[in-house]
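This report refers to the structure that appears directly beneath it.
Number of protein chains: 2
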Amino acid sequence: MGNKGEALRQKIIAAADELFYQQGYENTSFSDIADVVGISRGNFYYHFKSKDEILNAVIDARIAGIEAMLDEWDEKFADPLQRLYCYIDMLLRAQEEIRFHGCPIGSLCTELAKTSHAMLNDANKMFTVFRDWLMVQLKLLGVEKNVKKIAMHFIARVQGIVTVTNAFEDKEFLQQEVRQLKKWLDSEVALSGSSSRQP
Amino acid sequence: MGNKGEALRQKIIAAADELFYQQGYENTSFSDIADVVGISRGNFYYHFKSKDEILNAVIDARIAGIEAMLDEWDEKFADPLQRLYCYIDMLLRAQEEIRFHGCPIGSLCTELAKTSHAMLNDANKMFTVFRDWLMVQLKLLGVEKNVKKIAMHFIARVQGIVTVTNAFEDKEFLQQEVRQLKKWLDSEVALSGSSSRQP
DNA sequence: CAGATTATAGGATGATCGCCCTACAATCTC
DNA sequence: GAGATTGTAGGGCGATCATCCTATAATCTG
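The listed protein sequences correspond, in order, to chains A and B.
Taking our numbering, I'd label the letters of the first sequence as residues 300 to 498.
Taking our numbering, I'd label the letters of the second sequence as residues 300 to 498.
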């Protein structure tokens, strides 16, 4: 069966995923990926017809990864507020990578927008997955008005922190902003969804 | 003297500035710039020894442009709060460009970080110019504590708005966030009058 | 085992890139 | 106006890139 081929395909996607994050999409060549996986360039075209096809597979894999992570968080934390803290703390857990490579989603979207790449509309779905999950948590906390706007605002706040952290390679800024973002979340929940919760 | 040569040099910088913003640095070739300016590729190396040298000149030009703009704002508005509103409204004035190309500073820093380019440390000075100006305005408004942190937070908020606007090509999100950012500024200034609080 | 399918390797191709080099035109200096 | 300096043009070089093509090796099927 195509078991061996499928396994290699997954290895290629994983390697491309990491390289696209660290070096950017355009700046990563077939040779770069082939070197990491340990195969020849030519073999590539047996698994992917074009570079765009790899990008598409990477985006799909990332979306699947995000969904799996959010499912895990849902299981791990019964309290939606703890889930949202977990989302914010993601910045701390990944601070070393963020410092040097930014956000895998944000930086990819920024690059695709610059190159007028048609796949921007697929890449930004990674944001949408987070947004929809955020909306669910906010609603569970009793937030009823402007839920979508608050979720989008949440994402933008995170993106701003990451962009500046990356530009200055400054982890302390990130840590400071994480504390502030948690306070904002507390006040947002306290203001909008006061009824059903206690501190 | 070298008046003619200097004029062409400035035209090259201006063209490179715009192309770097619209297409990104790595994605812009010498031919692209030469075509816009209307000169031959070879002529380039009379004015700039390397592509990095053009990038350096563009960054210097942008910093000078930002400083000139801020001086203009200082003259135009006597009230520091009006100046800060003017800063926020920059998002509205440039919303069409932001939608498709993001922030000239943020997207350049993001790209340079991806390619591990040494000039990231020069590019992020563009942020610093804004930050220092923001600090001056905040102090004039009576903010005494955490002025630097508030200024950096301000910049991060703007960057987040731009990144998400660009990723979704959504101007309405930008407009919504501008209103919210002004409210945040109002509250931040109002709170600072008496005793200070942690940002 | 024979033949078909799947998987891998790596050279060839054409395009593009940053950059170098030389020839030539324009301008300035004395 | 002769010579020096400054500015411009464009061909060429070596490297890299995405992609194509063909030759095999590995594996499966009957």
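We put the beta carbon where it would ideally sit given N, CA and C, even for glycine.
Q | Cβ-based neighbour list, B:ARG382, same chain, cut-off 6 Å, excluding 5 preceding and 5 following | A | TRP372, PHE376, GLN436
Q. Taking any Cβ of chain B, which residues in the region 379-399 of chain A have a Cβ under 8 Å from it, in chain order?
A. PHE399
Q: Put A:VAL442 into one of helix, strand or coil per three-state DSSP.
A: coil
Q: Under 8 Å Cβ to Cβ from B:ILE353, same chain only, skipping five residues before and after it: list those, please.
A: ILE311, ILE312, ALA315, ILE332, PHE347
Q) So B:ILE460 packs on B:GLU487, CB below 8 Å; how close in whole Å? A) About 16 Å; that fails the 8 Å criterion.
Q) Going along chain A, which residues have a C-beta under 8 Å from B:GLN458? A) GLN458, GLY459, THR462, VAL463
Q.
Any heavy atom of the ligand GTP closer than 7 Å to the beta-carbon of A:VAL461?
A. With respect to small molecules bound, the structure shown includes none, and the ligand GTP cannot be examined in it.
Q: Would you identify the three-state DSSP class for A:TYR324, choosing helix, strand or coil?
A: coil
Q) With a cut-off of 8 Å, do at least 3 Cβ pairs link the region 468-479 of chain B to the region 395-402 of chain B? A) yes
Q: Measure the CB-CB distance between A:VAL357 and A:PHE319 and report whether it falls below 8 Å.
A: yes
Q) DSSP three-state call for A:ALA489: helix, strand or coil? A) helix
Q) What's the gap between the Cα of A:LEU485 and the Cα of A:VAL477? A) It is worth fixing the name first, because residue 485 of chain A is Asp in this sequence and not Leu. Straight-line Cα distance between these residues: approximately 12 Å.
Q) Which residue spans inside the region 335-415 of chain A form an unbroken alpha helix (DSSP H) run of at least 4? A) 340-346, 350-375, 379-392, 394-400, 403-413
Q | Chain-order list of residues whose beta-carbon lies under 8 Å from that of B:MET451 (same chain, five-residue window excluded) | A | ARG430
Q. Helix, strand or coil: which one does DSSP assign to B:GLU468?
A. coil
**Q.** CB contact below 8 Å: A:PHE329 versus chain B
**A.** no
Q | Classification of B:ARG456 by the beta-carbon crowding that lies within 10 angstroms, buried from 16 upward | A | buried
Q) Does DSSP put A:GLN497 in a helix, a strand or coil? A) Any reading at A:GLN497 needs caution, since the residue's pLDDT is 42, under 50, leaving its predicted position unreliable; the model's value is listed next. Here A:GLN497 sits in coil by DSSP.
Q: Give me the Cα-Cα distance between B:GLU317 and A:GLY304, rounded to the nearest whole angstrom.
A: 45 Å
Q: Leaving aside the five residues before and after B:ALA393 along the sequence, list all residues of the same chain whose C-beta is less than 6 Å from its C-beta, in chain order.
A: none
Q. Since B:LYS482 meets chain A, which of its residues come closer than 8 Å, beta carbon to beta carbon?
A. Residues of chain A passing the Cβ test: none, with the nearest at roughly 12 Å.
Q. Is there a Cβ from chain A that is less than 8 Å from the Cβ of B:LYS447?
A. no
Q: Tell me whether the beta-carbon of B:ALA412 lies closer than 8 Å to the beta-carbon of A:ASN465.
A: yes
(Q) So the candidates are B:CYS402, B:LEU490, B:PRO403; which of them puts its Cα closest to the Cα of B:ASN445? (A) B:LEU490
Q. Just checking my contact of A:LEU433 with A:LEU380 at CB under 8 Å: how many whole Å lie between their CB atoms?
A. In fact, because the Cβ distance is near 12 Å, the residues do not count as touching under 8 Å.
Q. With distances taken between CB atoms, is the gap from B:ILE387 to B:PHE426 smaller than 8 Å?
A. no
(Q) Quick test of your reading: B:LYS481 and B:TYR384, contact by CB under 8 Å. State the CB separation rounded to the nearest angstrom. (A) 7 Å
Q) Quick one: what does DSSP say A:MET434 is sitting in, helix, strand or coil? A) helix
Q. What is the DSSP secondary structure of B:ASN423, counted as helix, strand or coil?
A. coil
(Q) Measuring alpha carbon to alpha carbon, tell me which residue in B:ASP370, B:MET389, B:GLU366, B:HIS416 is nearest A:GLU468. (A) B:HIS416
Q. Cβ atoms of A:CYS408 and A:LEU419: under 8 Å apart, would you say?
A. yes
Q: Kindly indicate if chain A contains any beta-carbon less than 8 Å away from that of B:SER494.
A: Unreliable positioning characterises B:SER494 in this predicted model, as indicated by a pLDDT of 44, which lies under 50. The coordinate reading is nonetheless provided below. No, B:SER494 lies away from the interface with chain A (no Cβ there is under 8 Å from its Cβ).
Q: Please list, in chain order, all residues of the same chain as A:ARG308 whose beta carbon is under 6 Å from its beta carbon, the five residues on each side excluded.
A: HIS346
Q: Output yes or no for whether 8 Å exceeds the beta carbon distance between B:GLU443 and A:ASN326.
A: no
(Q) If you measure between the beta carbons of B:THR414 and A:GLY323, is that distance less than 8 Å? (A) yes
Q) Does A:SER486 come within less than 8 Å of chain B when only Cβ atoms are used? A) no
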